[in-house]
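Novice: Its first residue numbered 1, the sequence shown is counted upward by one per residue in full-length UniProt numbering. For glycine and all other residues, C-beta sits at the position ideal for the given N, C-alpha and C.
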Amino acid sequence: MFDRFSVIVNGLKGFGEIIPEDKLVRKLLYSLPESWDSNRTAIIEARDLKTLKLDALVGSLLTHEIMRKGREQEKKIMEKKEIEKKKVGIALKASQQESDSSEDEDEEMAMLAKRFTRFMKSNRGRKFIRKGDFKSKSKEEEIDQITCYECKKPGHIRSECPELKKKSFGRKNKLKAQIAT
């Protein structure tokens, strides 16, 4: 910041402009950013701006800036240490939650077993054919080759036989009628 200020002042001096030292000190102080307000006020109150040299002002500002950066670095180091401490705490919390995840896995296994039993009940008696095991026959050809042991017709198996279902349906109705009377 001081470099830009000195370039401007030297340019004005090159054009023959004479600027008093106290005016340069005031200009430099008031050109500081808002974060330096407390320092500006302290310098104005503590020192006489008419006798203060520009080099002394720049020196004190640079000293303060170096001290400020040192404190910021210390804060960053402390924050990193705190974050590392928090990470340890998070890791412990995660290990506590592992027991919950094992319970979730048990529930998932139970649900998988239930689904598998339902699947097996819905596909009772049918053989499972893997994708690579069957020869280049279409499903229609395979169904046509299957013959029913009950009615001896192709296209279905005994458990899916429509005639057997008609017979069993008729028997159930007769039994219900007998029970009702």
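Using the beta-carbon count (16 or more within 10 Å), is residue 25 buried or exposed?
Specialist: buried
Novice: If we count the other Cβ atoms within 10 Å of its Cβ and call it buried at 16 or more, is residue 77 buried or exposed?
Specialist: Exposed is the label assigned to residue 77, since fewer than 16 other Cβ atoms lie within 10 Å of its Cβ.
Novice: Could you have a look at residue 51 and say whether DSSP puts it in helix, strand or coil?
Specialist: coil
Novice: Restricting to Cα atoms, I'd like to know which of 28, 148, 114 is closest to residue 49.
Specialist: 28
Novice: When burial is assigned at 16 or more other CB atoms within 10 Å of the CB, is residue 43 buried or exposed?
Specialist: Buried.
Novice: Tell whether a beta-carbon distance below 8 Å holds between residue 5 and residue 35.
Specialist: no
Novice: Any idea what DSSP makes of residue 154, helix, strand or coil?
Specialist: strand
Novice: Tell me which residue opens and which closes the alpha helix (DSSP H) that residue 147 is part of.
Specialist: Careful: residue 147 lies outside any alpha helix (DSSP H) and carries neither H nor E.
Novice: Counting along the chain, where does the alpha helix (DSSP H) carrying residue 19 start and finish?
Specialist: Note, residue 19: premise wrong, no alpha helix (DSSP H); not H, not E.
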